[in-house]
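Counting in my numbering, the sequence shown runs from 6 upward without gaps.
Using N, Cα and C, we set each Cβ at its ideal position, and we do this for glycine too.
Being a predicted model, the structure only gives us computed values, none of them experimental.
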Amino acid sequence: MDELVAKFEKNAAEQIYVSLREYRGHQLIDVRTYYQTEEGEWRPTKKGVSISVDLFPELKQAIVNLEKRLRERELIEPALEGEE
């Protein structure tokens, strides 16, 4: 059973869904692009990645490193005091 954790707009026609799911007995983190059908229903595309929850510490560290690099390059706002 999938558990939606977060979703956000990618563009006018697509959204990114972050979910926890189980596949063949394995617990997975799924980050996937969804599109909206003519009927208004959101459906998954093949664009995305599913990784074992065992790799969450590595994924989290990668996101922390990415945020630091984005701030260094001034691609996102600087961290607020006490935020990092």
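DSSP bridge partner residues for G53 (one or two, in chain order): What you label residue 53 is simply residue 48 of the sequence shown in a count that begins at 1. R37, per the DSSP bridge assignment.
I68, DSSP secondary structure in three states: For the purposes of this step, residue 68 is taken as the residue at position 63 of the sequence shown. Here I68 sits in helix by DSSP.
Outcome for D35 when other beta-carbon atoms lying within 10 angstroms are tallied against a minimum of 16: The residue you call residue 35 lines up with position 30 of the sequence shown. Classification of D35: buried, given that the 10 Å Cβ count is 16 or more.
Per-residue burial, Y22 [other beta carbons within 10 Å of its own, 16 or more giving buried]: Position 17 of the sequence shown, counted from the first residue, corresponds to residue 22. So Y22 counts as buried.
Straight-line Cα distance separating S24 from Y40: As a working mapping, residue 40 is identified with position 35 in the sequence shown. As a working mapping, residue 24 is identified with position 19 in the sequence shown. Their backbone Cα atoms lie some 16 angstroms apart in a straight line.
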